[in-house]
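Peer 1:
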Amino acid sequence: MLTYTRNEEGLFVCPDCGATKKNQSTMHYHMKKHEEKLNHACKVCKKEFLQKQTLDLHMRSKHPDNDTKKFKCTHDNCDFTSLTKGNCIIHYLRVHYQNEINEIMLKDGNTFSCIECENEFSSSSSFYYHCKDCIQFEDDNKYTKFKAL
DNA sequence: TAGCGCCCCCTGCTGGG
DNA sequence: CCCAGCAGGGGGCGCTA
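Here the working numbering is used: the first residue of the first sequence is 55, the next is one more, and so on.
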């Protein structure tokens, strides 16, 4: 089995490809990819995934049971629900903060950039997700209050 | 060092209007 | 064709063995 080492900066170094990671768990995950030990298969449809969490998400979306959790949009009179908190945040900003976002969004072809922080994003989804850091909310913590149902 | 769980963030694809 | 939403991957953090 391969083992990783630390360099003089204290970073974890992959002996296989030389990649460096500052977090030990991240390097551990990286090493597993080299060893191809990340096969998580769905018991129902046999589909395979790299990560257990991805398998869990697949199970919740394709083979839901009574315990399946969803995140609900906290905006007044909005019934939107999503399997992931991230998607719920994107929905919340895209739909309910459209005006605020339009003020800071600069679209150039398929590239979305933020005039507040000058970051660029390759998709609208990632731009909207990013906007939670650049937009002034009426209720600062509202987007963090999405409840798992 | 190894293993696990949980989370955030980003991305690409898809389906509906 | 565009956009909202879905679903998957990468990696960070914390904890325990």
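Heads up, the beta-carbon is just placed ideally off N, CA and C, and yes, glycines get one too. Since the model is a prediction, treat every value here as computed from it, not as a measurement.
1. Based on the DSSP secondary-structure assignment, which residues constitute the bridge partners of Ser136?
2. Determine the DSSP secondary structure at Leu111, reduced to helix, strand or coil.
3. Can you find at least 3 beta carbon pairs, one from the region 100 to 109 and one from the region 123 to 137, that sit closer than 8 Å?
4. Taking just the CA atoms, how far does Thr74 sit from Val67?
5. Roughly how many whole angstroms lie between the Cα atoms of His117 and Leu109?
6. Tell me which same chain residues have a C-beta within less than 6 Å of the C-beta of Ile169, skipping the five on either side of it?
7. Taking DSSP as the reference, what is the three-state secondary structure of Ser179?
8. Which residue wins for smallest C-alpha separation from Cys185, given the options Val149, Lys76 and Asp162?
9. Val67 by DSSP, collapsed to three states: which one?
10. Note down, in chain order, each residue of its chain lying with its Cβ closer than 8 Å to the Cβ of His112, except the 5 sequence neighbours on either side.
11. For Leu160, which residues does DSSP report across the bridge?
12. Please state the DSSP three-state secondary structure of Thr184.
13. Restricting to Cα atoms, I'd like to know which of Asn77, Gln190 and Asp133 is closest to Gln152.
14. According to DSSP, which residues form a beta bridge with Thr74?
Peer 2: Straight from the coordinates:
1. Residue pairing by DSSP places Ser136 opposite Phe125 in a beta bridge.
2. Look at Leu111 here: in three-state DSSP terms it is helix.
3. The region 100 to 109 vs the region 123 to 137: no contact.
4. Answer to the nearest angstrom: the Cα atoms are 5 Å apart.
5. The alpha-carbon atoms of His117 and Leu109 are separated by roughly 11 Å.
6. Cβ neighbours of Ile169 beyond the five flanking positions: Ile158 and Leu160.
7. In the structure shown, Ser179 adopts helical secondary structure according to DSSP, grouped into three states.
8. Looking at the Cα atoms, Val149 is the closest of the given residues.
9. In the three-state DSSP reduction, Val67 falls in the strand class (E or B).
10. Result list for His112: Cys96, Lys101 and Phe103, in chain order.
11. Answer by DSSP bridge pairing, in chain order: Ser167.
12. According to the sequence provided, residue 184 is His. The question's Thr does not apply to it. Helix.
13. Nearest of Asn77, Gln190 and Asp133 to Gln152, Cα basis: Gln190.
14. Partner(s): Val67.
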